[in-house]
Every structure is written in structure tokens, then in C-alpha cells.
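So the structure is just underneath, and the comments pick up after that.
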Amino acid sequence: MTHRILTFAPLLAFAVALAAPALAEELDGATLYTQRTCVACHGADAKSPILPEYPKLAGQNAAYALQQMKDIKSGARNNANTPAMSGIMHLVTEAEMEALANWIATLD
Numbered sequence: 082m083t084h085r086i087l088t089f090a091p092l093l094a095f096a097v098a099l100a101a102p103a104l105a106e107e108l109d110g111a112t113l114y115t116q117r118t119c120v121a122c123h124g125a126d127a128k129s130p131i132l133p134e135y136p137k138l139a140g141q142n143a144a145y146a147l148q149q150m151k152d153i154k155s156g157a158r159n160n161a162n163t164p165a166m167s168g169i170m171h172l173v174t175e176a177e178m179e180a181l182a183n184w185i186a187t188l189d
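This is the structure:
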């Protein structure tokens, strides 16, 4: 039985490695924006935040937006809005952050 598992494990690892890029490509920033509740604070259009101190996200540089999300998640960025954001960002994967950042950058 152990021999079968050891024989199967490399095949499984290989299959997962092949599937990972495809899964990342399938992430839809617009859908994630709603699913991860970004819409609740930053507005449906990503430029109508519910409070004036919340940033408008539409059109933000993708690399900058991604870094901000990573910094919020890691704790490197800490301001008055961090508690609300960190509560959400711990649920968001890096691949999802990339999809969100890329989508945000396409908005006007």
C-alpha cells in the first residue's frame, strides 16, 4: 500500500503543478471584487467609497495596488483603515490579489 502511495504522489504533484497556472488565469477580478466584499467600502464602480478617507481604486496602478494589498495583509501597512482591511485581506490569496489589482487598473 505504501509503495502505491509513493508511486502516485509524484504524479499528483505534477498534475497540481500543471493545473496551478490555469487556475490563476481563471480568476476574474470583477467577480472577486464582489465576492471579497471590496464593493462594500470602495463602491460598485471602485470610485465611490462609502467614506471620504477610503481610497478610490478605479484606475490605480496594478503594481501599486497589489503591493498595498500585500502590505495590508502582512501588517507592513498600518493606518486607521487597516483593521477593516486586514480582516478581509487574510481571506484573499496572492493570486486573487493579482487578479484584483489587474482588474482595478483597467477601470476608468
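Start counting at 1 in the sequence shown, then tack on 81, and there's your number in the working numbering.
Beta carbons are placed, not taken as given, at the ideal position from N, Cα and C, and that holds for glycine.
Considering only their Cβ atoms, is the gap separating residue j from residue i smaller than 8 Å?
i: residue 154; j: residue 167; result: yes
i: residue 125; j: residue 188; result: no
i: residue 134; j: residue 162; result: yes
i: residue 110; j: residue 172; result: no
Mapping the DSSP letters down to three states, classify residue i as helix, strand or coil.
i: residue 129; result: coil
i: residue 110; result: helix
i: residue 159; result: coil
i: residue 146; result: helix
i: residue 181; result: helix
Go ahead and label residue i buried or exposed: buried means 16 or more other beta carbons lie within 10 angstroms of its beta carbon, across all protein chains shown.
i: residue 123; result: buried
i: residue 147; result: buried
i: residue 185; result: buried
i: residue 260; result: Residue coverage of the chain in this structure runs from 82 to 189, which leaves residue 260 outside it and unanswerable.
i: residue 144; result: exposed
So, at 7 Å on beta carbons, what are the nonlocal neighbours of residue i in its own chain, with the 5 sequence-adjacent residues on each side left out?
i: residue 149; result: 158
i: residue 170; result: 150, 153 and 154
Residues in the same chain with beta-carbon distance under 6 Å from residue i, minus the five sequence neighbours each way, listed in chain order, please.
i: residue 103; result: Residue placement at residue 103 is poorly supported in this model, since its pLDDT is 46, which falls under 50; the coordinates still yield a value, given next. Result list for residue 103: empty, nothing under 6 Å.
For the candidate residues the options, whose alpha-carbon lies nearest to that of residue i?
i: residue 132; options: 141, 142 and 121; result: 121
i: residue 160; options: 136, 116 and 119; result: 136
Here's a check: name, in chain order, each residue in its chain whose Cβ is nearer than 8 Å to the Cβ of residue i, leaving out the five neighbours to either side.
i: residue 118; result: 169
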